[in-house]
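Residue numbering for the sequence shown follows the working numbering, beginning at -14 and increasing consecutively.
Step one of this worksheet: look at the structure below.
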Amino acid sequence: MANINSEIKFNIELDENRVPEKLTWSAQDGGVRAEEAKAIMLSIWDSKAKETMRIDLWTKDMPVDEMKIFFHQTLVAMSDTFKRATDDEKMSDTMKDFCDYFAEKLELTKQ
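Structure (structure tokens):
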């Protein structure tokens, strides 16, 4: 059976100070072509060094209130992924409790 390759591409347009002005991403297999985004958080596991490498980008016009929502939704997604990856329901529930606390402190639940 042949291996199948798939690509996800990010394009970052920078201003003269190298600050992101526009972010787009494409995933041809998923039918996504040059979709605009205001923020990207990407984590890459380096198994040799046993550490996480990160790419965190956001455009200079990303509203702070949207950034707070983005962080909250990312934390919720991480707790779901943690549960699927480890089958550790107790810790996943603890992470979800923190997500609820985070949303409460930022008053995101009132939106």
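All C-beta atoms, glycine included, are put in the ideal place defined by N, C-alpha and C.
Per DSSP, the unbroken beta strand (DSSP E) holding ARG39 starts and ends at 36 to 43.
Counting along the chain, the unbroken alpha helix (DSSP H) around ALA88 starts and ends at 74 to 90. For LYS7, the closest C-alpha among the options GLU36, ALA22 and HIS57 is that of ALA22. The Cβ atoms of ALA24 and MET63 do not sit closer than 8 Å to each other. Pairing VAL61 with PRO48, the inter-Cα distance amounts to about 20 Å. In this structure, the CA atom of LYS45 is about 46 Å from the CA atom of MET(-14). Taking ILE40 as the centre and dropping the five residues before and after it, the same chain places the C-beta of LEU27 closer than 6 Å to its C-beta, in chain order.
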